[in-house]
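**Q** For the sequence shown, our numbering gives the first residue as 19, with consecutive numbering after it.
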Amino acid sequence: MPPDSPLSFDPRDAIAAKRDGGRLSAEAIARFVSGAASGELADDQVAALLMAVFLRGLDPGELLAWTRAMLDSGERLAWSPEGGPLVDKHSTGGIGDKASLPLAPALAACGARVPMISGRGLGHTGGTLDKLEAIEGLRTGLGAGEHGRCLATAGWFIAAQTERLVPADRRLYALRDRIAAVESIPLIASSILSKKLAEGLDALVLDVKFGSGAFLPEVERGRRLAATMVELAGGFGLEARALLTNMQRPLGRAIGHALEVEESLECLGGAGPLDLRELVCRLGGELLESTGLAAPGSGAARLARALDDGSARERFERGVAAQGARPGALGRLPRSRSVEVLRARRSGFLGCGDLRLLGRAVLELGGGRRSSAERIDFAVGLRLLVDPGQELRAGEPLLEIHHQAGRGLEAARQAIETGLPIGDRPPRFEPLVLERLTAAGVPQAPGLDSPSGPFAP
Ligand code: URA
Numbered sequence: 019m020p021p022d023s024p025l026s027f028d029p030r031d032a033i034a035a036k037r038d039g040g041r042l043s044a045e046a047i048a049r050f051v052s053g054a055a056s057g058e059l060a061d062d063q064v065a066a067l068l069m070a071v072f073l074r075g076l077d078p079g080e081l082l083a084w085t086r087a088m089l090d091s092g093e094r095l096a097w098s099p100e101g102g103p104l105v106d107k108h109s110t111g112g113i114g115d116k117a118s119l120p121l122a123p124a125l126a127a128c129g130a131r132v133p134m135i136s137g138r139g140l141g142h143t144g145g146t147l148d149k150l151e152a153i154e155g156l157r158t159g160l161g162a163g164e165h166g167r168c169l170a171t172a173g174w175f176i177a178a179q180t181e182r183l184v185p186a187d188r189r190l191y192a193l194r195d196r197i198a199a200v201e202s203i204p205l206i207a208s209s210i211l212s213k214k215l216a217e218g219l220d221a222l223v224l225d226v227k228f229g230s231g232a233f234l235p236e237v238e239r240g241r242r243l244a245a246t247m248v249e250l251a252g253g254f255g256l257e258a259r260a261l262l263t264n265m266q267r268p269l270g271r272a273i274g275h276a277l278e279v280e281e282s283l284e285c286l287g288g289a290g291p292l293d294l295r296e297l298v299c300r301l302g303g304e305l306l307e308s309t310g311l312a313a314p315g316s317g318a319a320r321l322a323r324a325l326d327d328g329s330a331r332e333r334f335e336r337g338v339a340a341q342g343a344r345p346g347a348l349g350r351l352p353r354s355r356s357v358e359v360l361r362a363r364r365s366g367f368l369g370c371g372d373l374r375l376l377g378r379a380v381l382e383l384g385g386g387r388r389s390s391a392e393r394i395d396f397a398v399g400l401r402l403l404v405d406p407g408q409e410l411r412a413g414e415p416l417l418e419i420h421h422q423a424g425r426g427l428e429a430a431r432q433a434i435e436t437g438l439p440i441g442d443r444p445p446r447f448e449p450l451v452l453e454r455l456t457a458a459g460v461p462q463a464p465g466l467d468s469p470s471g472p473f474a475p
């Protein structure tokens with residue numbers, strides 16, 4: 019329907035057009051998304067259009083209009099003009115992915131400001147907000163004025179989405195979840211980017227994971243999502259880059275909230291697992307270079323210096339204090355009552371099977387939630403004692419299970435045995451960073467508009 023049409027908007031027209039593979043006008047998209055956000059449209063009609071989009075995709079113009087409509091459904095954060103460039107990272111999430119915790123303060127130590135709005139864990143991956151809340155007293159639900167105050171004090175914050183930030187996403191995401199329409203590239207891209215655009219950023223880096231522990235396990239789908247988001251961000255004038263990174267193996271050695279905070283503190287002290295350090299430096303390096311805080315090719319080394327010289331750790335302490343952490347809380351992280359050491363059942367090489375099983379193991383121990391109302395035990399989790407790929411002898415210590423008086427222990431043991439098989443040959447893993455995508459490098463595929471283009475479902 020053209021914008022000046024005298025006919026009233028009928029959602030059935032849009033649903034039928036998309037169902038039949040047609041194109042939606044920007045006006046119809048705006049009416050639909052705002053109707054979904056306000057509650058004016060009923061669940062059945064919103065769900066029907068979402069399923070039609072899931073099946074038919076959106077072309078670049080439609081995706082831009084869809085994302086703009088989502089962004090316009092709520093407020094945009096605004097920051098003081100004083101201070102460094104505003105940057106953020108989004109990760110599609112994975113097992114042991116705690117990179118935001120060292121990355122945000124390290125970027126602040128390099129002169130950037132990081133207003134990071136993040137999410138909670140649901141399913142097999144833990145959420146950054148939940149990990150931070152393992153720190154006694156720390157609040158992620160920041161009130162009016164607190165975001166700006168934290169940014170001014172520490173140069174970073176990690177906080178929960180507010181009611182007013184992209185309200186359309188809350189309704190659309192909940193409905194997608196109910197109708198099995200989450201894994202749609204245009205719907206994921208618009209959901210993620212509308213929230214990042216609302217943060218008022220100068221630059222964004224996207225960590226798009228592939229492998230069995232990732233939200234989209236297939237490399238090709240990860241690549242298409244990354245290319246879609248980089249190009250979509252460019253359509254809004256936001257410089258975005260993406261790294262396609264490996265989730266065929268856990269990131270670092272700790273999985274579980276307090277254990278991951280502890281590992282993040284190691285990284286902030288210039289130590290800890292090398293893969294975590296490399297990922298933090300690569301992601302941060304992209305942002306430092308794209309905002310001019312580091313010369314091309316020198317961003318990762320600049321970020322590494324902030325981890326090694328104590329400045330990132332100092333920013334971390336300032337930031338968590340600004341978000342309410344009690345004095346000394348970092349030295350009093352929650353600990354489980356019991357730790358069991360799991361040993362190799364046979365000799366061979368440590369491989370990685372379906373990594374979601376490691377998330378499942380933590381869930382069984384009480385460290386995850388099946389529904390958004392469930393409470394998390396921050397203390398439980400797993401700590402690998404060897405790296406995937408390493409050769410082991412039968413009986414050698416493999417992993418610690420941090421549990422509370424045996425709760426979920428047997429189920430966790432079983433999940434770990436399958437998730438971390440021991441084989442006769444060394445497993446083959448792709449590199450930690452498989453590909454890097456920038457606005458200049460996003461393939462302008464022929465058929466961008468066609469169902470095989472990067473905006474297709
Ligand atoms: N994360 C989001 O924020 N939105 C999606 O649709 C999927 C993952």
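Just so it is clear, CB atoms sit at the ideal spot from N, CA and C, and this is done for glycine as well.
Taking Cβ to Cβ, would you say Pro-445 is nearer than 8 Å to Gly-369?
**A** Yes. Within cutoff.
**Q** Taking the beta carbon of Val-357 as the centre, do at least 16 other beta carbons fall within 10 Å, making it buried, or is it exposed?
**A** Classification of Val-357: exposed, given that the 10 Å Cβ count is below 16.
**Q** Find out if the Cβ-Cβ distance for the pair Lys-36, Arg-74 is shorter than 8 Å.
**A** Against a cut-off of 8 Å, the Cβ pair of Arg-74 and Lys-36 comes out as a contact.
**Q** With a threshold of 8 Å between beta-carbons, can Phe-50 be considered close to chain B, or not?
**A** Structure shown: chain B not included; a single protein chain is present.
**Q** For Thr-263, report the span of its alpha helix (DSSP H) as first-last.
**A** Looking at the DSSP string, Thr-263 is not in any alpha helix (DSSP H); the run it does join, the beta strand (DSSP E), is 257-264.
**Q** What residue does the beta strand (DSSP E) around Asp-106 start on, and which one ends it?
**A** Segment 105-109, the beta strand (DSSP E) holding Asp-106.
**Q** Apply the 10 Å Cβ neighbour rule to Val-359 and answer buried if 16 or more other Cβ atoms are within range, or exposed otherwise.
**A** Exposed: under 16 other Cβ atoms inside 10 Å.
**Q** Would you call Thr-146 buried or exposed, if buried means 16 or more other Cβ atoms sit within 10 Å of its Cβ?
**A** The residue in question, Thr-146, is buried, as its Cβ has 16 or more Cβ neighbours within 10 Å.
**Q** Along the beta strand (DSSP E) that carries Val-298, what are the first and last residues, could you check?
**A** Counting along the chain, Val-298 falls outside any beta strand (DSSP E), though it belongs to the alpha helix (DSSP H) covering 292-308.
**Q** Ends of the alpha helix (DSSP H) at Trp-84?
**A** Its alpha helix (DSSP H) spans residues 78-89.
**Q** DSSP three-state label for Arg-131, please.
**A** Arg-131: strand per DSSP, three-state reduction.
**Q** Thinking C-alpha only, which one of Arg-131, Gly-111, Leu-81 is nearest Leu-104?
**A** Closest by alpha carbon: Arg-131.
**Q** Going by DSSP, name the residue or residues bridged to Asp-225.
**A** BP columns for Asp-225 point to Ser-109, Leu-261.
**Q** Looking only at its own chain, which residues have a Cβ that is under 6 Å from the Cβ of Val-226, when we skip the five neighbours before and after it?
**A** Only Thr-110, Gly-240, Leu-243, Ala-244, Ala-260, Leu-262 meet the Cβ criterion.
**Q** As a quick exercise: from Ala-170, Ala-362, Leu-311, pick the residue whose alpha carbon is nearest that of Pro-99.
**A** With distances taken between Cα atoms, Pro-99 lies closest to Ala-170.
**Q** Can you name the start and end residues of the beta strand (DSSP E) that Arg-336 belongs to?
**A** Counting along the chain, Arg-336 falls outside any beta strand (DSSP E), though it belongs to the alpha helix (DSSP H) covering 329-340.
**Q** I'd like to confirm something about Val-200: is its beta-carbon nearer than 7 Å to some heavy atom of the ligand URA, or not?
**A** Val-200: yes, Cβ under 7 Å from the ligand URA.
**Q** Beta carbon of Gly-92: closer than 7 Å to some heavy atom of the ligand URA?
**A** No, the Cβ of Gly-92 stays beyond 7 Å of every heavy atom of the ligand URA.
**Q** Using the Cα positions of Ser-209 and Val-71, report the straight-line distance between them to the nearest angstrom.
**A** Looking at the two C-alpha atoms, the distance is approximately 13 Å.
**Q** Do Gly-79 and Leu-269 have their CB atoms nearer than 8 Å?
**A** No; because the gap between Cβ atoms is not below 8 Å, this pair is not in contact.
**Q** If you run the structure through DSSP and keep just helix, strand and coil, what is Phe-175?
**A** In this structure, Phe-175 counts as strand in the three-state DSSP scheme.
**Q** Helix, strand or coil: which one does DSSP assign to Gly-166?
**A** Correct three-state label for Gly-166: helix.
**Q** So for Ser-212, helix, strand or coil by DSSP?
**A** Here Ser-212 sits in helix by DSSP.
**Q** Using DSSP with H/G/I as helix, E/B as strand and the rest coil, what is Pro-406?
**A** Three-state DSSP puts Pro-406 in coil, outside helix and strand.
**Q** Quick one, what's near the ligand URA if you take every residue whose CB is closer than 5 Å to any heavy atom, in chain order?
**A** Spelled out in chain order, the answer is Ile-206, Ser-209, Ile-210.
**Q** Looking at C-alpha atoms only, which residue of Ala-330, Ile-206, Pro-406, Thr-246 is the closest neighbour of Pro-291?
**A** Nearest of Ala-330, Ile-206, Pro-406, Thr-246 to Pro-291, Cα basis: Pro-406.
**Q** Just list the residues that DSSP pairs Pro-415 with in beta bridges.
**A** Looking at the DSSP assignment, Pro-415 forms a beta bridge with Arg-361.
**Q** Could you have a look at Gly-399 and say whether DSSP puts it in helix, strand or coil?
**A** Note: Gly-399 maps to strand in three-state DSSP.
**Q** Quick one: grab the DSSP three-state call for Gly-137.
**A** Note: Gly-137 maps to coil in three-state DSSP.
**Q** Grab me the residues of Gly-288's own chain with a C-beta within less than 6 Å of its C-beta, minus the 5 sequence neighbours each way, in chain order.
**A** So the list reads Leu-325, Asp-326, once near-sequence residues are dropped.
**Q** Kindly list the residues whose CB is nearer than 7 Å to the CB of Leu-121, restricted to its own chain and excluding five residues on each side of it in sequence; keep chain order.
**A** Around Leu-121: Lys-107, Val-298, Leu-301, Gly-302.
**Q** Using only alpha-carbon positions, find the residue among Ala-232, Gly-102, Val-51, Asp-38 that is nearest to Arg-492.
**A** Shown here, the chain extends from 19 to 475; a query on residue 492 therefore has no answer.
**Q** When the Cα of Gly-39 is compared with those of Val-200, Asp-77, Asp-62, which residue comes out closest?
**A** Closest option to Gly-39, Cα to Cα, is Asp-77.
**Q** Using a 10 Å radius around the Cβ and a threshold of 16 neighbouring Cβ atoms, would you call Gly-465 buried or exposed?
**A** Because Gly-465 sits at a pLDDT of 30, beneath the cut-off of 50, its placement in the model cannot be relied upon, and the following sentence gives the value as read from the coordinates. Gly-465 is exposed by the Cβ-count criterion.
**Q** For the beta strand (DSSP E) holding Glu-453, just list the boundary residues, first then last.
**A** Start and end: 451-455.
**Q** Taking Cβ positions, are Leu-211 and Gly-92 nearer each other than 8 Å?
**A** No; because the gap between Cβ atoms is not below 8 Å, this pair is not in contact.
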